[in-house]
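2 protein chains.
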Amino acid sequence: MTENKAPYEMQQPPEEESLTHAVGTPSPVEVDEETHPADAAEHIERLGVEEQVKFVKQLPIKDAADSIAEMDRHEQQSLFQNLNYGFAAKILEQMAPDDATDILEGLDEEHRKGLLRRVKAKERAELRNLLTFHPDSAGGAMNTEVVILDQSLTVDQAITKMRDEVEDKEIPYYAYLVDSAGRLTGVVSLRDMLVARHGKLLRELVKAQNLVSVTYDTDREEVARLIGHYNLLAMPVLDFGDRMLGVVTVDDVIDIIQEEASEDMQAMVGAGADETTDSPVLYSVKKRLPWLILNVMNSAVSAFVVHLFQGTIAQMAVLAVLMPIVANQAGNTGQQALAVMIRQLAMERFDRKRSWLAVLREMRIGMINGFFICALVWGAVLGLTQHFMLANVMTAALAIDICFGAFAGAAIPLVLREIGRDPAQASSIFLTAITDSLGFFTLLGLAVLVLF
Amino acid sequence: MTENKAPYEMQQPPEEESLTHAVGTPSPVEVDEETHPADAAEHIERLGVEEQVKFVKQLPIKDAADSIAEMDRHEQQSLFQNLNYGFAAKILEQMAPDDATDILEGLDEEHRKGLLRRVKAKERAELRNLLTFHPDSAGGAMNTEVVILDQSLTVDQAITKMRDEVEDKEIPYYAYLVDSAGRLTGVVSLRDMLVARHGKLLRELVKAQNLVSVTYDTDREEVARLIGHYNLLAMPVLDFGDRMLGVVTVDDVIDIIQEEASEDMQAMVGAGADETTDSPVLYSVKKRLPWLILNVMNSAVSAFVVHLFQGTIAQMAVLAVLMPIVANQAGNTGQQALAVMIRQLAMERFDRKRSWLAVLREMRIGMINGFFICALVWGAVLGLTQHFMLANVMTAALAIDICFGAFAGAAIPLVLREIGRDPAQASSIFLTAITDSLGFFTLLGLAVLVLF
Numbered sequence: 001m002t003e004n005k006a007p008y009e010m011q012q013p014p015e016e017e018s019l020t021h022a023v024g025t026p027s028p029v030e031v032d033e034e035t036h037p038a039d040a041a042e043h044i045e046r047l048g049v050e051e052q053v054k055f056v057k058q059l060p061i062k063d064a065a066d067s068i069a070e071m072d073r074h075e076q077q078s079l080f081q082n083l084n085y086g087f088a089a090k091i092l093e094q095m096a097p098d099d100a101t102d103i104l105e106g107l108d109e110e111h112r113k114g115l116l117r118r119v120k121a122k123e124r125a126e127l128r129n130l131l132t133f134h135p136d137s138a139g140g141a142m143n144t145e146v147v148i149l150d151q152s153l154t155v156d157q158a159i160t161k162m163r164d165e166v167e168d169k170e171i172p173y174y175a176y177l178v179d180s181a182g183r184l185t186g187v188v189s190l191r192d193m194l195v196a197r198h199g200k201l202l203r204e205l206v207k208a209q210n211l212v213s214v215t216y217d218t219d220r221e222e223v224a225r226l227i228g229h230y231n232l233l234a235m236p237v238l239d240f241g242d243r244m245l246g247v248v249t250v251d252d253v254i255d256i257i258q259e260e261a262s263e264d265m266q267a268m269v270g271a272g273a274d275e276t277t278d279s280p281v282l283y284s285v286k287k288r289l290p291w292l293i294l295n296v297m298n299s300a301v302s303a304f305v306v307h308l309f310q311g312t313i314a315q316m317a318v319l320a321v322l323m324p325i326v327a328n329q330a331g332n333t334g335q336q337a338l339a340v341m342i343r344q345l346a347m348e349r350f351d352r353k354r355s356w357l358a359v360l361r362e363m364r365i366g367m368i369n370g371f372f373i374c375a376l377v378w379g380a381v382l383g384l385t386q387h388f389m390l391a392n393v394m395t396a397a398l399a400i401d402i403c404f405g406a407f408a409g410a411a412i413p414l415v416l417r418e419i420g421r422d423p424a425q426a427s428s429i430f431l432t433a434i435t436d437s438l439g440f441f442t443l444l445g446l447a448v449l450v451l452f
Numbered sequence: 001m002t003e004n005k006a007p008y009e010m011q012q013p014p015e016e017e018s019l020t021h022a023v024g025t026p027s028p029v030e031v032d033e034e035t036h037p038a039d040a041a042e043h044i045e046r047l048g049v050e051e052q053v054k055f056v057k058q059l060p061i062k063d064a065a066d067s068i069a070e071m072d073r074h075e076q077q078s079l080f081q082n083l084n085y086g087f088a089a090k091i092l093e094q095m096a097p098d099d100a101t102d103i104l105e106g107l108d109e110e111h112r113k114g115l116l117r118r119v120k121a122k123e124r125a126e127l128r129n130l131l132t133f134h135p136d137s138a139g140g141a142m143n144t145e146v147v148i149l150d151q152s153l154t155v156d157q158a159i160t161k162m163r164d165e166v167e168d169k170e171i172p173y174y175a176y177l178v179d180s181a182g183r184l185t186g187v188v189s190l191r192d193m194l195v196a197r198h199g200k201l202l203r204e205l206v207k208a209q210n211l212v213s214v215t216y217d218t219d220r221e222e223v224a225r226l227i228g229h230y231n232l233l234a235m236p237v238l239d240f241g242d243r244m245l246g247v248v249t250v251d252d253v254i255d256i257i258q259e260e261a262s263e264d265m266q267a268m269v270g271a272g273a274d275e276t277t278d279s280p281v282l283y284s285v286k287k288r289l290p291w292l293i294l295n296v297m298n299s300a301v302s303a304f305v306v307h308l309f310q311g312t313i314a315q316m317a318v319l320a321v322l323m324p325i326v327a328n329q330a331g332n333t334g335q336q337a338l339a340v341m342i343r344q345l346a347m348e349r350f351d352r353k354r355s356w357l358a359v360l361r362e363m364r365i366g367m368i369n370g371f372f373i374c375a376l377v378w379g380a381v382l383g384l385t386q387h388f389m390l391a392n393v394m395t396a397a398l399a400i401d402i403c404f405g406a407f408a409g410a411a412i413p414l415v416l417r418e419i420g421r422d423p424a425q426a427s428s429i430f431l432t433a434i435t436d437s438l439g440f441f442t443l444l445g446l447a448v449l450v451l452f
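As you go down the protein sequences, you meet chains A and B in turn.
Quick note: the first sequence uses full-length UniProt numbering, first residue 1, plus one each step.
Quick note: the second sequence uses full-length UniProt numbering, first residue 1, plus one each step.
Next up, the structure:
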């Protein structure tokens, strides 16, 4: 970064090391052994791929693994495609198994197999096992480096055992207690072990209300929701025999929540769920174009509605002036309902009853807002055109379209979910198709009935 | 909940207590001492306000405080408005100070003052202090119950001290080391203390790269971003003299990220930032109506553009058929750019150079997608109308509007940020105003120039 400094900055004395200097803005110093892996990752991402390779090769292998683990997924993959198998395998061995699995999942099969063959037998078995889980499931997101203790140990025995083991474990704030068959029986926090009297048995420290867990096939979004709900630092993942497989940790949950929020917002308008401003242009084109084509076909439908009334418009061109107002207003009302519903579905599981209560709520809001908007528009159209019946027709069309827009905006995500799709996917595109077509049809249709 | 069971469910044998029974679906059992506070909160939220009061009063005071802390903000406030001062004050004393502050912030001033007067002196001073911070800042989100240790202690001394203190502390996975002036000098995890040899000094355990902190005035969204970036469980909050004030914990960060994601998505279309499907109808009306009125005024502008060309439309009504296609297509392209930009700004701080590179990227995507869409539309219009020049005019207008839509979608959040507004606020409404007006103007204007 130093080479980009403007001359007047070069002349300033070097800043004193300050407690907060690294926060907020990228650190002005070069990457060294005190650099946080997350910052090193940002540094690597800004290099060209050849320099990336050169840079990670000169790092100590553990630091290289930690930094690569923090990189953006697209960047990780392009880097791995340019590393030789031997070095790449060493990196994978050093990484937390869940991070290594994420990278392997992004590579094509041949590359993945070739790489796995170079990984040491113990780590290879672990990675092969993790690769069998769906990437969007608890199993696919879990970390297997957990502290598992026999519930019949005393606190002292447990602490001694942890001292020996904890060095390798990434998740050191809970210990998981199992019975002789490996079934999870309780969770104890490090904090509780530290405070307990030494002679106490681990199982005496367990609080029943702390035992929340998921099975490996649970959707990762649901895991994130539960961790948020119960304020946990890690969620145990079990097989169907209640045996402990691993944990999903809260730092992964933050990433999951951010990814899901991006997915919802972007899928709603037909952009790719995992697009960022760093995605390759052609990747974004490929993701978006199909939805834009769907949108063209949708607007062809509303255009066809207008086409049916061409004669009417030729006689009364002011209808073409009013058309966009109806469509726009109903569309906006619907989008407000849509946004609130999609966010709610992202944060909470809704049963049918609550879902339809929420639709009803949106329709109430739409009707009240619609009342004010209609009054405003009625006055404006009457004032500007001096045409009483035209103002009435416009207002009636607007009222109908706004109410239906509120209903559609709230209902579309529920319908999409009901048919097993992502509640957000292209929802805004469907909504616009509905409010446009209906708006044009009611305005022009009422005009034909009343004004001619 | 049991009373809602359908008859056929009543006849089934009671389910065996299973490890995973509480996960995903609300627990079928009544609320008792083993119920997690988060589940108790959900139970309370479903009661009417009178039953809520009755219910929390019969709980042990600590359980009541824990459960109320997990409730939705709107629900907390309506409950507090119905509790007598004496009981409410006891609840506040038992709560984590950051949660108590959140509740107090929602009450009107008189109520807040009356309540605070009933709170014990020590807790009152603490709460008054926390209330001075802006609710959207690190200070407003921080928890003050942290373990602060003198850096010159040995590990044994520290563990003994923590044993005495940790009972009251909510955040037990890090200890914060300070020098004699109270300035933060390092962070040590419980894990590292547990593994260290007993004679070691605390300051020897500190790793330089772990010292990340913020000042109390940092925006809470930035704190959330940094905690995610550095995978921390808690972020120390300092005053401008580097003295330790408290920490923002990762469970609060999850809430912050979810709230910010809702804010972005909802603000984009002019719904209230903090609306949920549980918000009162009139609250939502109040939040949304101003933006709908702005939207009406915006559509009045595009309607005015169409109005200028009424004569043209009367002569050639097919233009009114094509109008919505142009506007819609450019609008959708722009919304895709908008969604990706807003999410990126939510997750990362962008300097100007990266911002404009991202705009450029969106314009490239818009142009490539626009090329395909234009080819499709050109063929369709030519095929359906047999009017070569009309197809050309339509395609030219579409191309111009799509490119400008992509630019506007990417640029609007940046402009809003530049003028100090929320990058998402009403961005979709502004975008539609632009793509509609420009689309109508280019289509009808080009038609006048070329077709008549």
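We treat Cβ as the ideally placed atom computed from N, Cα and C, and that holds for glycine.
Only counting the same chain, and skipping five residues up and downstream in sequence, which positions put a Cβ closer than 7 Å to that of residue i?
i	result
G334 of chain A	G405, A406, A408, G409, L431, T435
E70 of chain A	P37, A38, A41
A65 of chain A	I91, Q94, M95
E165 of chain A	V147
S189 of chain A	Y173, Y174
A88 of chain B	F80, L115
State buried or exposed for residue i, treating a residue as buried only when at least 16 other CB atoms are found within 10 Å of its CB.
i	result
L449 of chain A	exposed
S152 of chain B	exposed
R225 of chain A	buried
F388 of chain A	exposed
Q11 of chain B	Residue placement at Q11 of chain B is poorly supported in this model, since its pLDDT is 36, which falls under 50; the coordinates still yield a value, given next. Exposed is the call here.
L282 of chain B	exposed
I419 of chain A	exposed
D98 of chain B	buried
M316 of chain A	buried
S180 of chain B	exposed
Q76 of chain A	buried
R191 of chain B	buried
L177 of chain A	buried
Taking only three categories from DSSP, how would you classify residue i?
i	result
residue 485 of chain A	No statement about residue 485 of chain A is possible, as the shown extent of chain A runs from 1 to 452 and does not include it.
L211 of chain A	coil
L177 of chain A	strand
R254 of chain B	The identity of residue 254 of chain B in the sequence shown is Ile, whereas the question assumes Arg. It is helical.
P28 of chain A	Reliability of the predicted coordinates at P28 of chain A is poor, the pLDDT of 40 falling under 50, and no value is obtained from them.
I434 of chain A	helix
E231 of chain A	Per the sequence presented here, residue 231 of chain A reads as Asn, with Glu not at that position. If DSSP states are grouped into helix, strand and coil, N231 of chain A belongs with coil.
D219 of chain B	strand
P423 of chain B	coil
P290 of chain B	helix
P236 of chain A	strand
V340 of chain A	helix
What are the start and end residues of the alpha helix (DSSP H) that includes residue i?
i	result
D63 of chain B	61-69
D98 of chain A	97-106
S355 of chain A	352-385
G311 of chain B	310-315
Going along the chain, which residues of its own chain have a beta-carbon closer than 8 Å to the beta-carbon of residue i, five neighbours each way excluded?
i	result
F441 of chain B	V305
L127 of chain B	L92, P97, A100, T101, L104, L116, V119
L444 of chain B	V305, V306, L308, F309, T312, I313, L319, M323
Would you kindly report the start and end of the unbroken beta strand (DSSP E) that includes residue i?
i	result
residue 458 of chain A	Outside the shown range of chain A (1 to 452) lies residue 458 of chain A, about which nothing can therefore be said.
M244 of chain A	244-249
Using a Cβ-Cβ cutoff of less than 6 Å, which residues in the same chain neighbour residue i once the five nearest sequence positions on both sides are dropped?
i	result
residue 453 of chain B	Given a span of 1 to 452 for chain B in the structure shown, any question on residue 453 of chain B remains unanswerable.
P424 of chain B	The sequence shown places Ala at residue 424 of chain B, rather than the Pro named in the question. D264, A267, M268, I342.
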